Amino acid sequence: MIRGVLDYTGVWATPKLINRKPILNEIRKAVRDRGAPYVFYITGQGGMGKTFLLREVLRRLREGPWSEPEVLAAQDVVDLYHPPVHVVEGLCRAIRAVLRPGLGYFADFQQERERLARVRRDLDLRDIGWQEERMLRAFQEDFRSLEDDYRVVLAFDTAEVLLYEPDPVQQSLALAPQGIEARGWLLERFLPSLRNTVVLIAGRPGPPRLREDLRAALGERLIERTLGPLEEPDSLDYFQTVAQVAREQGSEVVAARLEAIPEETRRVIHLYTEGRPILLALTIDYLAVADRLLPEVQTPLEEARAMSPDQLRQVRERLEREIVRAIQETGRPADEAVRALAWTRRGMNARLLARLLETTEEEAKHLLESLRPLSFVKIRPADNRVFLQDEMYALLERHVLSRLPEARARWVYDTILQFYDEEIEEARRELQRLQADPGAPLDRLERTRVRLQNALAERVHYALRRDPEQGFEAYYRAAEETVLSYHRALDMQLRVELLEFLEQAPEEARKVIADRAAWDLGVRWVKRSIVLARYDEAVQIAARLRAEAADLMERLGPVAEAELSVWEGWARTYAGQGLDLAERRLRTA
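In my numbering, the protein residues as written are -15 to 573.
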C-alpha cells in the first residue's frame, strides 16, 4: 500500500460491518432460497454506509464465508449515479461487465449490439428503434440462460436518480414523470422478469413515486429496509474496530491513541455525529492525526445531552469545519488529491488530476491509487474513475469550496473545461476516422461514440457551474446536436445536467438562466416527439405550451415564439393536420 493511505485511520474501509447483522442475515437467507427472486430496496440518508453494505455482501458471496460455486455475485456495484448507465443499453453493458464469470452467456446480446452499431453508423433512423428492441430482448434471454446455471446476485446504488422530479414546464403541461431513460426498462421489464436472482437496490429516500412503482412492479418480491445511524453501543464498537485495524496495519501508535480516548468522550462524539458512519470515521481520523481532542468533544456528557437541537447543530458544524481543516493542513500526500476531487463530481482520472495539481500524470496515478482503500472513495469499474462519497462532497462543498476566492474557482473550472475541450476534440476525430473506415470494429466505434457522448454532457455540467449563461449556451448547442443525430441517450444526459443545476445551484446562479432553461425544457418535448415520429403528440404539446407558458414566452420575446412556431409548423406538416396553420407558423417564425 502506498504511503499516505496509512496516515488515514478512521476512514479505512474496515472489514467489520457495525450493527448490520440483521439485514446481512436476511440477505444471506434470500440468496440461499434458490429459484425465488428477491429485490431488497434499502434506503438511508447519506453517510449511513449503504454502498459499504452492498460491497460487503458481494465480497462475502464471491470470496468470503458465503461463497458457493453455484452463486454468481457481481464483481462490483452498478452505481446508477453515473450518466452512462442512464441509458438502457449502457445499463445492460454495466450489468454484463460486473458479471465477469458470466460474460460468455451474453453472446446474443453482443451480436445485436454490433448490429445496432451498424444501423447507427448508416443513420437508418427507422430501424434504430427496432434494432434497440432486438438487442434488449437478446439481453434478457441471455440473462435467463445465466439464471438457469447460477443463483445470481446484483447490486444497484444511488437508486434515487431513477426518478427525477418533473421539470417545471413538464409539470405544467401534465406530461408523465420521467426518470432516467433506463428506469422504465429496469422497473417494468428486467426486475419483474427475474427468476433466480437476488437484487440489492440502495439509495437515499427518493420521490414517493419510485417506491410506489417498485411495489407495483414487484409485489411481494420487494423487501423494503431502512439503514439508519449507529446506536451508541455501535459507535463505541466502531472506535475499537478502527483501533484493531490500525494495529493490524502496523500502526500501534494510532491504535493506542484511539484506545486512550475516554468512554465518556466517545459517547459525546456519538451524540455530535448522530451516529453517521462517515462523519464518525472522519472524526476518528482527525483524533488520530491531530493527537489531541477537540474542545467540543471534551464537553461533559450530561451537558452535551442537555443541548438544544440548534446548539447541537452549531457544535456539529464546528466539528465538521475542524475535521475538514485538518484534511487541508496535515500535509498527507493524498490530501491534495481529496481536495481536487471535491471539484469533480463527474469523476477524476489521472490526466485531469495532473492538470489540477500541476504535476505529472505518473504522480497523479499514484495519488489516485493511494485513495482506493478509503471508505469515502468510490471507483467506477468501467473506466477506473475516482469519486467521493456523497457526504464527503457535501462536507468539502460547505467548508472548503464555498470559501475559496472566486479567482481560484474560475481557474479550476477553466482547467477542467480545457481538459474536456481536448477530450471532445479527440473523440470527434476518432469517431470521424472510424466512421470513414468500412472495416472499423463496430465495438470500438460504439465505445468512441459513448466517450464523446459522456464528454459532451460532463462538459455542460462544469460549464454551468463556471458561468451559468455560457454554460446554458453550451447545453443548448449540445442539445440541438442530439436532435440532428437522433441521439436519445445524450439528450437524456443533458436534460439531467440542466435539471440538476436548476435544483442544486445557488439561487443567484439559477436566476441567470431560469426563464431560458424553463422554456427550453418545454420546447425540447416538442422536438423529442418529432424526432420519434410522434407528430400528433408534438402538435398537442406545442399547443399546450403556447397556452400554458404564454407569460414565459412573452418575457423571452420574439425568439422564443419563433422557435416554437418552427417546430410546431414542422409537426403539423408531418402530421398532415392544420396545414394552413402550419404554413402560417413557419412563415411567422
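Cβ coordinates follow ideal geometry from the N, Cα and C atoms, glycine included. Small disclaimer: the values here were computed from a predicted structure and weren't measured.
Three-state secondary structure (DSSP) of T343: Counting from one through the sequence shown, the residue named residue 343 turns up at place 359. Per DSSP, reduced to three states, the secondary structure at T343 is coil, with no helix or strand assignment.
What residue range is occupied by the uninterrupted beta strand (DSSP E) comprising V137? Stepping through the sequence shown from its first residue, residue 137 is reached at position 153. From DSSP, the beta strand (DSSP E) with V137 extends over 135 to 141.
Please classify T466: does DSSP put it in a helix, a strand, or coil? Taking the first residue of the sequence shown as position 1, residue 466 is located at position 482. Correct three-state label for T466: helix.
When you compare each of I268, V237, E52 to V252 by their alpha carbons, which one comes out closest? As a working mapping, residue 252 is identified with position 268 in the sequence shown. Its Cα nearest to that of V252, the residue I268 stands out among I268, V237, E52.
Which runs of the beta strand (DSSP E) fall wholly inside the region 341 to 394 and span at least 3 residues, in chain order? Correct list: 361 to 364, 369 to 372.
Note down the Cα distance separating R479 from P176, rounded to an integer number of angstroms. Residue 479 sits at position 495 when you count from the first residue of the sequence shown. Residue 176 sits at position 192 when you count from the first residue of the sequence shown. Rounded to whole angstroms, R479 and P176 show a C-alpha spacing of 28 Å.
How would you write the range of the alpha helix (DSSP H) that A533 sits in, first residue to last? The count along the sequence shown starts at 1 and reaches residue 533 at position 549. Premise fails: A533 is in no alpha helix (DSSP H) and is neither H nor E.
What would DSSP say about D427, mapped onto helix, strand or coil? Mapped onto the sequence shown, residue 427 falls at position 443. Three-state DSSP puts D427 in a helix.
Work out the CA separation of F90 and A81 for me, nearest whole Å. Numbered from its first residue, the sequence shown carries residue 81 at position 97. Numbered from its first residue, the sequence shown carries residue 90 at position 106. Taking the straight line from one Cα to the other gives about 10 Å.
On the three-state DSSP scale, how would you describe Y25? Working through the sequence shown from its first residue, we reach residue 25 at position 41. Three-state result, Y25: strand.
From A498, E208, I307, residue whose alpha carbon lies closest to that of L486: Within the sequence shown, residue 486 is the residue found at index 502, counting from 1. Considering only alpha carbons, the answer is A498.
For G(-6), the three-state DSSP class (helix, strand or coil): Taking the sequence shown and counting its residues from 1, one reaches residue -6 at position 10. Its pLDDT being 47, under 50, G(-6) is placed unreliably in this model, and the coordinates cannot settle the point.
Going by the DSSP bridge assignment, what does I207 pair with across the sheet? Numbered from 1 along the sequence shown, position 223 holds the residue referred to as residue 207. In DSSP, I207 forms a bridge with F24.
8 Å Cβ shell around R250 - same chain, five flanking residues per side excluded: Walking along the sequence shown from the start, residue 250 turns up at place 266. Excluding positions up to five away in sequence, the list reads S219, L220, F223.
Taking only three categories from DSSP, how would you classify A489? Position 505 of the sequence shown, counted from the start, is the residue given in the question as residue 489. In the structure shown, A489 sits in coil (DSSP, three-state: anything other than H, G, I, E or B).
Is the CB-CB distance between L529 and L516 below 8 Å? Residue numbering aside, residue 529 sits at position 545 when the sequence shown is read from its first letter. Residue numbering aside, residue 516 sits at position 532 when the sequence shown is read from its first letter. L516 is positioned such that its CB atom lies no closer than 8 Å to that of L529.
With distance defined between alpha-carbon atoms, name the residue in R387, A393, R443 nearest to E409. As a position in the sequence shown, residue 409 is number 425, starting the count at 1. Per the Cα distances, R443.
How is the beta strand (DSSP E) around L194 delimited, first residue to last? Along the sequence shown, read from residue 1 onward, the residue named residue 194 stands at position 210. Run containing L194: none in the beta strand (DSSP E); it sits in the alpha helix (DSSP H), 192 to 202.
Close beta carbons around R428, own chain, < 8 Å, minus the five adjacent residues each side: The sequence position of residue 428 within the sequence shown is 444, counting from 1. Counting only Cβ-Cβ distances below 8 Å, and skipping sequence neighbours, we find L418.
For W554 and R330, what's the separation of their Cα atoms in angstroms? Residue mapping note: residue 554 aligns to position 570 of the sequence shown, counting from 1. Residue mapping note: residue 330 aligns to position 346 of the sequence shown, counting from 1. Roughly 37 Å separates the two Cα atoms.
With DSSP as the reference, identify every bridge partner of V182, one or two as the case may be. Taking the sequence shown and counting its residues from 1, the one referred to as residue 182 is at position 198. According to DSSP, which records beta bridges pairwise, V182 is partnered with Y22, V137.
Option nearest M332 by Cα separation, candidates F24, I262, A348: Walking along the sequence shown from the start, residue 332 turns up at place 348. Nearest C-alpha to M332: A348.
List in chain order: all unbroken alpha helix (DSSP H) runs of 4+ residues lying wholly within the region 248 to 283. Whole alpha helix (DSSP H) segments, 4+ residues: 261 to 274.
Could you have a look at L83 and say whether DSSP puts it in helix, strand or coil? Position 99 of the sequence shown, counted from the first residue, corresponds to residue 83. Assignment of L83 by DSSP, reduced to helix, strand and coil, places it in the coil class.
Contact between the region 90 to 99 and the region 118 to 132: three or more CB pairs below 8 Å? The region 90 to 99 makes contact with the region 118 to 132; the number of CB pairs closer than 8 Å reaches 3 or more.
Distance, Cα to Cα, A318 vs L380? Residue numbering aside, residue 318 sits at position 334 when the sequence shown is read from its first letter. Residue numbering aside, residue 380 sits at position 396 when the sequence shown is read from its first letter. Straight through space, the alpha carbons of L380 and A318 are spaced by roughly 15 Å.
Cβ shell of A334 (< 7 Å), same chain only, five flanking positions each side left out: As a first step, residue 334 must be located in the sequence shown, where it is residue number 350. Correct list, in chain order: E345, A348, K349, L352.
According to DSSP, L56 sits in a beta bridge with which residue or residues? As a first step, residue 56 is located in the sequence shown; it is residue number 72 there, counting from the start. In DSSP, L56 forms a bridge with V136.
Go ahead and pull the three-state DSSP assignment for M576. Nothing about residue 576 can be reported from this structure: the residues present for the chain run from -15 to 573 only.
With distances taken between CB atoms, is the gap from A559 to V510 smaller than 8 Å? Locating residue 559 in the sequence shown gives position 575, where the first residue counts as 1. Locating residue 510 in the sequence shown gives position 526, where the first residue counts as 1. No, they are not a contact pair.
Spatially closest choice to Q373 from R46, T142, E96, by CA coordinates: Locating residue 373 in the sequence shown gives position 389, counting from the first residue. Ranking R46, T142, E96 by Cα distance to Q373 puts T142 first.
Who are the near neighbours of L401 in its chain, counting only those whose CB is closer than 8 Å to its CB and skipping five residues on each side? As a first step, residue 401 is located in the sequence shown; it is residue number 417 there, counting from the start. Here the set comprises R443, Y446, A447, R450.
Kindly identify the DSSP beta-bridge partner or partners of A63. Looking up residue 63 in the sequence shown gives position 79. Per the sequence presented here, residue 63 reads as Asp, with Ala not at that position. Per DSSP, D141.
Would you mind sorting V308 into buried or exposed? The rule is 16 or more other CB atoms within 10 Å of its CB. Within the sequence shown, residue 308 is the residue found at index 324, counting from 1. Its Cβ being crowded by 16 or more others within 10 Å, V308 is buried.
Own chain, CB closer than 8 Å to A(-3), minus 5 neighbours either side, in chain order: The residue labelled residue -3 in the question sits at position 13 within the sequence shown. In this predicted model, A(-3) has a pLDDT of only 49, less than 50, meaning its place in the structure is not dependable; the value taken from the coordinates is given anyway. Take A(-3), set aside five residues on each side of it, and the residues of its chain with a beta-carbon closer than 8 Å to its own are F36, P357, L358, S359, in chain order.
Bounding residues of the alpha helix (DSSP H) (the contiguous stretch that carries W169): Here the question's residue 169 lines up with position 185 in the sequence shown. If you look at W169, you'll find it in the alpha helix (DSSP H) that goes 166 to 169.
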